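Quick mapping for you: the protein sequence lines, in order, are chains A and B. Going by our numbering, the first residue of the first sequence is number 146, and it counts up by one from there. Going by our numbering, the first residue of the second sequence is number 146, and it counts up by one from there. Some notes on the structure that comes next.
There are 2 protein chains.
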Amino acid sequence: MQDDLIQLAKKSRAASNKIARLTTGEKNNLLSAMAEQLLKQKESILKANAVDIESAKENKLSSAMLDRLLLTPERISGMAKALEEIVQLQDPVGEISDERIRPNGLKVEMMRIPLGVIAIIYEARPNVTSDAAGLCLKSGNAVILRGGSEAFNSNKAIVKALQDGLESCGVDAATITFVPTTDRQAMLELLKLDYYIDLVIPRGGEGLIHFVAENSRIPVIKHYKGICHLYVDKDADIEMAIKLLIDGKTSRPGVCNALETLLVHKEIAKTFLPRANEEMKKRGVEIRGCEKTKSILPDITSAKKEDFGFEFLDLIIAAKVVDNYDEAVAHIEEFGSNHTEVITTKNSETAQKFIRDINSSSVMVNASSRFADGGEMGLGAEIGISTTKLHAYGPMGLEALTTRKFVVVGDGQIRHKIE
Amino acid sequence: MQDDLIQLAKKSRAASNKIARLTTGEKNNLLSAMAEQLLKQKESILKANAVDIESAKENKLSSAMLDRLLLTPERISGMAKALEEIVQLQDPVGEISDERIRPNGLKVEMMRIPLGVIAIIYEARPNVTSDAAGLCLKSGNAVILRGGSEAFNSNKAIVKALQDGLESCGVDAATITFVPTTDRQAMLELLKLDYYIDLVIPRGGEGLIHFVAENSRIPVIKHYKGICHLYVDKDADIEMAIKLLIDGKTSRPGVCNALETLLVHKEIAKTFLPRANEEMKKRGVEIRGCEKTKSILPDITSAKKEDFGFEFLDLIIAAKVVDNYDEAVAHIEEFGSNHTEVITTKNSETAQKFIRDINSSSVMVNASSRFADGGEMGLGAEIGISTTKLHAYGPMGLEALTTRKFVVVGDGQIRHKIE
């Protein structure tokens with residue numbers, strides 16, 4: 146197995162050197178050819194998916210899992226459409242920045258280049274296969290895809306279609322590589338191949354992400370949890386704060402940019418909290434409050450210590466009344482997960498201070514935490530969200546799949562005088 | 146020990162939150178105060194260094210090692226001066242980029258922020274202690290310093306002076322933390338503290354760097370070797386090529402940006418190689434050539450297979466005649482180390498092609514490989530050179546010690562309509 150994986154990674158590395166040199170037009174043609182093949186091979190992809198769905202039912206997977214796994218003709222068309230949307234995105238490769246002329250006349254500049262080979266390790270959703278492949282390819286990278294065992298047959302069929310698309314344009318199929326096993330031991334071996342693979346992006350539950358992070362010799366970009374805070378400042382507009390709370394907590398509670406904790410300045414708590422409670426009740430949200438919150442809203446649940454810093458991913462929110470701005474910031478520093486924090490205030494000085502003081506990957510003023518998303522922020526499609534600070538921080542678009550090299554052009558400059 | 150290290154890392158993390166918020170002026174005052182204390186405590190630093198030098202002599206360290214370890218009044222003044230030079234560098238923190246207004250009116254921008262806590266693991270040279278501390282501090286980071294055992298007393302004395310500088314400005318001494326042991330087991334424990342430490346930069350020999358890379362759960366930015374190539378194209382100016390060869394190979398053969406391999410286009414080999422041989426001989430450089438090189442220069446050594454891709458760090462260079470441009474690029478792809486490659490040619494089309502085709506961290510046209518250096522490239526001081534592509538690639542200045550967060554400012558925007 147180890148030798149097979151090394152062979153596979155070597156081929157991927159060789160393919161990456163070729164894809165890195167294609168023009169934007171050539172890469173866009175590839176994406177269109179891949180989209181075309183997805184549509185052409187719809188039947189065989191659906192057939193493969195039916196096999197996965199059957200095993201999933203036998204294995205009694207939850208209905209939420211089944212829904213993630215299920216492909217329909219519409220979903221496959223959606224995958225093809227997503228590839229066509231990647232065609233529209235600006236190609237970051239080749240972009241020049243930081244030009245300067247040194248006193249000795251050397252011209253120094255930075256040129257954006259692909260990372261090389263990117264491994265994506267993910268779980269049940271088969272659409273990740275084509276989305277991730279499309280984004281890696283547009284940014285000039287080869288990709289190694291290792292999906293979950295539940296979607297094995299679906300993923301294999303999707304990769305076949307994508308590879309047929311590559312080959313129809315005369316491009317090496319190894320540009321998109323499918324790991325033909327979902328064995329954990331094989332994943333461990335793969336994570337050792339830092340000589341061939343430049344980056345690993347795990348996408349899925351915390352268990353998978355921890356496993357990858359702890360066992361990888363290849364750099365990992367990861368996102369564990371989203372403990373997003375809404376801080377309602379003393380100078381907040383109550384109705385705006387209510388809107389941000391409702392949208393942040395209830396529009397899609399199961400996602401990482403949903404709100405998990407509400408911090409309220411004591412001077413506004415008595416007017417804000419009863420309104421908040423009313424709206425949360427109406428929407429079936431349980432508030433777990435600190436003692437001060439309880440003193441204003443006696444009918445709510447008491448928060449336990451572990452409710453703060455917890456990712457409920459459900460219709461539950463922890464609430465705490467803070468004495469002042471600094472206490473709110475200190476709470477976020479202690480319990481936050483570097484995902485997204487929101488302040489709502491009419492005071493622009495306090496807002497500016499919050500922007501400087503909070504170093505989460507997305508810091509928001511008077512906007513819903515639900516906007517922490519590559520598409521919403523204008524990056525185009527998103528390959529993931531990073532909550533660790535190295536390389537990329539926050540929603541990751543195409544640029545996060547590239548790096549910059551130094552280009553130096555001279556006319557014979559040397560560093561030391563030749564004797 | 147593990148608990149002690151956790152305590153130390155916790156304090157460093159707490160200090161990092163404070164240093165991140167200082168203004169550029171405040172950080173510059175700190176740097177000046179640190180420089181002042183280095184000069185004030187010169188005597189005690191020299192005394193501590195004498196203890197290290199004595200043990201080093203007892204342990205029969207090489208004279209090169211002894212020279213790296215030795216501090217003199219001038220060298221300490223040099224360290225203080227280097228801190229004052231960091232004062233002059235532009236502070237990257239707070240810089241705004243990529244501003245955009247979304248269709249819904251949200252303003253999205255990116256703000257540069259410190260990484261947090263940076264651990265530097267290094268070997269014999271005590272000046273790294275103050276240089277690294279100064280660069281981390283200027284970029285708003287706390288630093289954990291773990292130097293080599295040879296320089297233990299010197300480093301301890303230097304850190305004391307730097308911390309006295311911090312405290313004279315009322316800043317937490319834990320901003321610059323010294324690991325009070327050079328035990329390997331303790332280093333292993335340190336490398337597990339990814340919850341507190343954001344980045345590890347190992348500086349030293351390949352053994353140390355491999356050890357850190359293989360054992361760290363914290364992201365590592367590293368540089369293994371510099372296998373720098375000079376490709377003399379068929380359209381090269383012979384005398385310029387000779388100058389670049391002499392400077393690249395002989396001006397300081399022991400450093401990572403020195404040339405290790407010479408590739409020569411066959412159409413120019415017969416005129417270039419004899420001139421090159423003459424100049425190399427004059428300077429005591431041994432050429433180890435491929436068969437074709439040998440056929441032109443019969444008196445040189447034959448290259449063994451392992452001479453290509455080898456970092457001699459000495460007055461030796463491997464030489465190969467290539468049939469064409471593509472063979473040169475393929476050779477670099479196979480044997481290069483992503484450090485620095487140089488083409489010399491008068492043909493601007495070939496030069497442009499080389500710039501695009503080679504994805505080493507520094508790609509140079511008609512300039513000496515010895516310019517692959519943060520100072521020479523205009524980054525100001527340099528904390529290291531990265532030959533891996535994640536986060537930073539090539540010489541690393543202050544910007545490489547920072548990341549960017551997303552800042553979103555709205556006036557109450559929400560993502561979903563509230564029912």
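C-beta atoms are modelled at their ideal positions from N, C-alpha and C, and glycine is treated no differently. Since we're looking at a predicted model, the values are computed, not measured.
Query, Result
"One or two residues paired with A:A94 in a DSSP bridge", "What is shown of chain A runs 146 to 564, which leaves residue 94 of chain A out entirely."
"Between the CA atoms of A:I530 and B:Y470 - distance to the nearest angstrom", "41 Å"
"Chain B residues whose Cβ lies nearer than 7 Å to that of A:Y470", "Simply none; closest approach about 14 Å."
"Endpoints, beta strand (DSSP E) assigned at A:G557", "547-558"
"Buried or exposed (CB count within 10 angstroms, at least 16 for buried), A:G393", "buried"
"Under 8 Å between C-beta atoms of A:A225 and A:A180", "yes"
"contact_flag[the stretch 508-525 of chain A, the stretch 416-427 of chain A] where n(CB pairs < 8 Å) is 3 or more", "no"
"Segment limits, alpha helix (DSSP H) that includes B:I441", "436-441"
"Test: A:E478 CB closer than 8 Å to a CB of chain B", "yes"
"C-alpha distance - A:A209 paired with B:Q152, whole-angstrom precision", "43 Å"
"Nearest neighbour of B:T547, chosen from A:K534, A:G350, A:A526, A:N272 [CA to CA]", "A:K534"
"Neighbourhood of A:N298 by C-beta distance below 8 Å, restricted to the same chain and skipping five residues each side", "A193, N194, V196, D197"
"Distance CB(B:A164)-CB(B:N286) smaller than 8 Å", "Residue 164 of chain B is actually Ile in this sequence, not Ala. Cβ distance < 8 Å, so B:I164 and B:N286 count as in contact."
"Coarse secondary structure for A:E384, derived from DSSP in three states", "helix"
"Residues in the stretch 186-211 of chain A having any Cβ partner in chain B nearer than 7 Å", "none"
"Alpha carbon of B:L442 to alpha carbon of B:A201, nearest angstrom", "44 Å"
"Interface flag, A:M332 vs chain B, CB-CB below 8 Å", "no"
"Anticipated Cβ contact below 8 Å, B:L311 with B:S275, distance rounded", "Rounded, the Cβ-Cβ distance is 12 Å, inconsistent with contact."
"Counted within 10 angstroms of its Cβ, other Cβ atoms place A:I391 as buried (16 or more) or exposed", "buried"
"Same chain, Cβ closer than 7 Å to B:E544, five either side skipped, listed in chain order", "P237"
"Candidates B:M146, B:K465, B:A526: closest to B:A331 by CA position", "B:M146"
"C-alpha distance - A:L228 paired with A:L290, whole-angstrom precision", "16 Å"
"Strand pairing of B:F499, partner residues [DSSP]", "None; B:F499 has no bridge partner."
"Distance between beta carbons of A:N422 and A:I387, contact taken as under 8 Å", "Not really, about 11 Å apart at Cβ, beyond 8 Å."
"Segment contact, 8 Å Cβ cut-off, at least three pairs: the stretch 456-465 of chain B with the stretch 419-439 of chain B", "yes"
"CB contact below 8 Å: B:G542 versus chain A", "no"
"B:L282 vs B:T320 beta-carbon contact at 8 Å", "yes"
"Cα-Cα separation, B:L251 to A:E521", "9 Å"
"B:L389: contacting residues in chain A (beta-carbon distance under 8 Å)", "G557, I559"
"Chain A contacts from the stretch 379-403 of chain B (Cβ-Cβ distance under 7 Å)", "M385, K388, L389, I391, D392, S396"
"CB contact below 8 Å: A:K155 versus chain B", "no"
"Proximity below 8 Å, CB of B:L211 to CB of B:A526", "no"
"Cut-off 7 Å between Cβ atoms - residues of its own chain near B:I342, not counting five sequence neighbours on either side", "A154, V262, A264, I289, I363"
"Chain B contacts made by the stretch 494-510 of chain A, where a contact means CB separation under 8 Å", "A496, I500, R501, D502, N504, S505, S506, S507, V508, M509, V510"
"N- and C-terminal bounds of the beta strand (DSSP E) containing B:S157", "Per DSSP, B:S157 belongs to no beta strand (DSSP E); it is in the alpha helix (DSSP H), 147-164."
"Boundaries (first-last residue) of the beta strand (DSSP E) holding A:D243", "241-246"
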